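Residue numbers are given in the UniProt record's numbering: position 68 of the sequence shown equals residue 68, and the series is strictly consecutive. For each residue, glycine too, the CB sits at the ideal point set by N, CA and C. Given the structure is predicted, the values throughout are model-derived calculations rather than measurements.
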Amino acid sequence: PDWSFWGWAEVNIKPWAKSLVAIEEGNKMTQWKHRVAYAYWRGNPYVAPTRRDLLRCNVSAQEDWNTRLYIQDWDRESREGFKNSNLENQCTHRYKIYIEGWAWLVSEKY
């Protein structure tokens, strides 16, 4: 993702400098060897076909692709004050999956 928008008032998030400090602190909370050893993604799968395809790689009774994929209900999250979507609280898995959606990605920027 393209992080250059951090701190813009329109997106209603903390400035990047504050977020970076919080992420660094969150990163210290769980040592690497104690993190979940799977690739992790949380988001809205209904904004892009590639995201819906990604959900087929989630753990099931038949397959375990070593991924843990979670659907994020952003309407509910906004009503609850974004308590479950802070970046600093997402340092619990070893690997993070990035997949295009509605965000402005650097691959589309240039």
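Check your understanding: Assuming V59 and R68 make a contact with CB atoms under 8 Å, what is their CB distance in whole Å?
Key -> Contact between V59 and R68 holds: their C-beta atoms lie close to 7 Å from each other, under 8 Å.
Exercise for review: Indicate whether P45 and I71 have their beta-carbon atoms separated by less than 7 Å.
Suggested key: yes
Exercise for review: Would you mind reading off the limits of the alpha helix (DSSP H) that contains residue 113?
Suggested key: The question about residue 113 has no answer here: the residues shown for the chain are numbered 1 through 110.
Check your understanding: Taking 6 Å as the cut-off, does the CB of T50 come closer than this to any heavy atom belonging to the ligand PLP?
Key -> Judged by which ligands are present, the structure shown has none, so any question about the ligand PLP falls away.
**Study point:** Proximal residues to N84 (C-beta, below 7 Å), its chain only, five neighbours per side dropped
**Key:** E77
Check your understanding: Between the C-alpha atoms of V47 and R94, what's the straight-line distance to the nearest angstrom?
Key -> 25 Å
Point to revise | Selection from W74, N66, D73 that minimises the alpha carbon distance to I97 | key: N66
Review point. What three-state label does DSSP hand W41 in the structure shown?
Key: strand
Practice item. Alpha carbon to alpha carbon, how far is E88 from F82? Give it in angstroms, no decimals. Key: 12 Å
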